[in-house]
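Accompanying notes for the structure given below.
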Amino acid sequence: MFGKQESIEKLDKPIERVAELYRQQLNNVWKYVTSAPLVLKNSRNTPIFHLLFASNNKSGLKIASQIIDKKQK
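The opening position of the sequence shown corresponds to residue 4 in the numbering used here, with each subsequent residue numbered one higher.
Structure follows, in structure tokens:
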């Protein structure tokens with residue numbers, strides 16, 4: 004009656020999927036990218052940021068990774 008009906012499939016963990024896609028794209032530009040983001044959450048424990056580090060400096064990656072690992076715990 005109203006034409007072709009489209010269905011939309013909801014994917015699991017959409018925010019994490021977008022963050023991973025973004026990390027992969029950073030790898031196309033920068034030599035060193037953190038392997039996992041630091042997820043910053045609000046007072047309701049909802050993610051508001053995914054912090055990634057990207058650089059051509061290997062020492063910077065080491066420092067950023069240590070900070071992210073420390074904050075994730």
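Quick reminder that beta carbons are idealized off the backbone N, C-alpha and C, glycines included.
Identify whether residue i lies in helix, strand or coil by the three-state DSSP scheme.
| i | result |
| --- | --- |
| I71 | helix |
| K13 | coil |
| G6 | coil |
Taking only the alpha-carbon atoms, compute the straight-line gap between residue i and residue j and give it to the nearest angstrom.
| i | j | result |
| --- | --- | --- |
| N59 | K34 | 5 Å |
| R47 | S10 | 31 Å |
From the DSSP output, which residues share a beta bridge with residue i?
| i | result |
| --- | --- |
| Y25 | In DSSP, Y25 forms no bridge with anything. |
| A57 | V36 |
| K44 | P50 |
When the distance is taken between beta carbons, is residue j closer than 9 Å to residue i?
| i | j | result |
| --- | --- | --- |
| F56 | V42 | no |
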